[in-house]
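So the mapping is simple: my numbering equals the position in the sequence shown, first residue as 1, plus 72.
Encoded as structure tokens, the structure appears first; notes follow it.
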Amino acid sequence: MNSLERTGSRDKMERFSAAIAQLGPIVTVILTIPSALALAGAAAYAGWALAGGQDRTLAFEVLRYLLFLAAVLTLVGPLLLPAAERTNAVRLLLLPISRPLLYAAQGATVIADPWIALTLPVVLFLPAGLAAGGAIGSSFAVALAGLLFLLVLIGGALLASAIMHLVMRNRRRGELLALALLMLVPALSLLPGTLAGSDSGPSGEADRRRVARWVSTLERRALPLAPSELYVRATRAAALSPGTAFGAIAALALAAGLVHGAGLLVFGRVLDA
73 MNSLERTGSR
83 DKMERFSAAI
93 AQLGPIVTVI
103 LTIPSALALA
113 GAAAYAGWAL
123 AGGQDRTLAF
133 EVLRYLLFLA
143 AVLTLVGPLL
153 LPAAERTNAV
163 RLLLLPISRP
173 LLYAAQGATV
183 IADPWIALTL
193 PVVLFLPAGL
203 AAGGAIGSSF
213 AVALAGLLFL
223 LVLIGGALLA
233 SAIMHLVMRN
243 RRRGELLALA
253 LLMLVPALSL
263 LPGTLAGSDS
273 GPSGEADRRR
283 VARWVSTLER
293 RALPLAPSEL
303 YVRATRAAAL
313 SPGTAFGAIA
323 ALALAAGLVH
333 GAGLLVFGRV
343 LDA
């Protein structure tokens, strides 16, 4: 209401923009509530089905791809939602607060990102569904894997935000990055049409086969290393026997340690700057 009040220094459009900036987070929270409820129900059903030996249900596969999307958005999120507020930690440097504690406080703010906030119902209700299905031991293993997966997402978001802040501190680097993104997005949007409309002769067929082999190799070698795939692997293994999920859980723990270690170092550079 204060943003909408008439003041001598603001015109009508500026007051409207300020009001939208205040209402935007509230509208976002209201819109995410139905999505969070739907994800919680799907995760609970998937966990209950896993306890019954069904590890290929539609609900679980949908959640698998949504978690992979959340991991990707965690890295590109600083481009979509610049984390300007998180850099305000530099104001606290005059107080007797350690840098690791400042880093932990920044990590707490990351949970409000939509792609991480919508991951919470999945990692909470999937083990709850397993427990409801009678797999109590498996539910504890899946809950641990979910906690580590969340830590990886938070660490990735903090690392990406800190790197973006360091890059954007230099105006020239920031403009070059913006130009690269403006050129990359149209190029990626034209790629499928270019491949589909390529020459239908032997050379075009050979190009399509090379692209298909490259995509297949990427899916076979790189995709299993994604944090979401490690979490899915740990969940499926834990549903069979909690002890068999140790490898995937250890990989998630290693990934969380590496990401947060790098994030703390880069965050220290941000504070030094």
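Every residue, glycine too, gets a C-beta built ideally from N, C-alpha and C.
A quick note: this is a predicted structure, and the numbers were derived from the prediction, not measured.
Rounded distance between the beta-carbons of residue j and residue i, thought under 8 Å
{"i": "Leu111", "j": "Val194", "result": "6 Å"}
{"i": "Ala341", "j": "Leu198", "result": "The identity of residue 341 in the sequence shown is Arg, whereas the question assumes Ala. Actually they are not in contact, since the Cβ atoms of Arg341 and Leu198 sit about 36 Å apart, beyond 8 Å."}
{"i": "Leu231", "j": "Ala334", "result": "6 Å"}
{"i": "Ile183", "j": "Ile235", "result": "That pair is no contact at about 20 Å."}
{"i": "Thr146", "j": "Ala229", "result": "5 Å"}
{"i": "Pro299", "j": "Leu324", "result": "7 Å"}
{"i": "Ala207", "j": "Ala123", "result": "4 Å"}
{"i": "Leu253", "j": "Leu151", "result": "7 Å"}
Where residue i falls: helix, strand or coil (DSSP)
{"i": "Gln178", "result": "helix"}
{"i": "Ile92", "result": "helix"}
{"i": "Arg27", "result": "With the chain covering only 73 through 345, there is no way to say anything about residue 27."}
{"i": "Gly205", "result": "coil"}
{"i": "Thr100", "result": "helix"}
{"i": "Thr191", "result": "coil"}
{"i": "Leu238", "result": "helix"}
{"i": "Ala155", "result": "Because the pLDDT at Ala155 is just 47, under 50, the model does not fix this residue reliably, and the value given afterwards should be weighed accordingly. The answer is coil: DSSP assigns Ala155 none of H, G, I, E or B."}
{"i": "Ala184", "result": "coil"}
{"i": "Ser313", "result": "coil"}
{"i": "Ala259", "result": "helix"}
{"i": "Leu167", "result": "coil"}
{"i": "Ala200", "result": "helix"}
{"i": "Ala298", "result": "coil"}
{"i": "Ala385", "result": "The question about residue 385 has no answer, for the chain in this structure spans 73 to 345."}
{"i": "Leu345", "result": "Looking at the sequence shown, residue 345 is not Leu but Ala. The answer is coil: DSSP assigns Ala345 none of H, G, I, E or B."}
Residue environment, residue i, which counts as buried when at least 16 other CB atoms sit within 10 Å
{"i": "Arg305", "result": "buried"}
{"i": "Gln94", "result": "exposed"}
{"i": "Tyr51", "result": "No answer is possible for residue 51: the residues shown for the chain start at 73 and end at 345."}
{"i": "Ile105", "result": "exposed"}
{"i": "Leu135", "result": "buried"}
{"i": "Phe318", "result": "exposed"}
{"i": "Pro168", "result": "exposed"}
Cβ neighbours of residue i in the same chain (closer than 8 Å, five flanking residues each side left out)
{"i": "Trp120", "result": "Gly201, Leu202, Ala204, Gly205"}
{"i": "Ser107", "result": "Leu190"}
{"i": "Ala320", "result": "Ala217, Leu302, Tyr303, Arg305, Ala306, Ala309"}
Cβ shell of residue i (< 6 Å), same chain only, five flanking positions each side left out
{"i": "Ser72", "result": "Nothing about residue 72 can be read from this structure; the chain reaches only from 73 to 345."}
{"i": "Arg245", "result": "Val239"}
{"i": "Ala131", "result": "Ala114, Tyr117, Ala118"}
9 Å Cβ cutoff, residue i in contact with chain C
{"i": "Pro258", "result": "Among the chains in the structure shown there is no chain C, since it carries only a single protein chain."}
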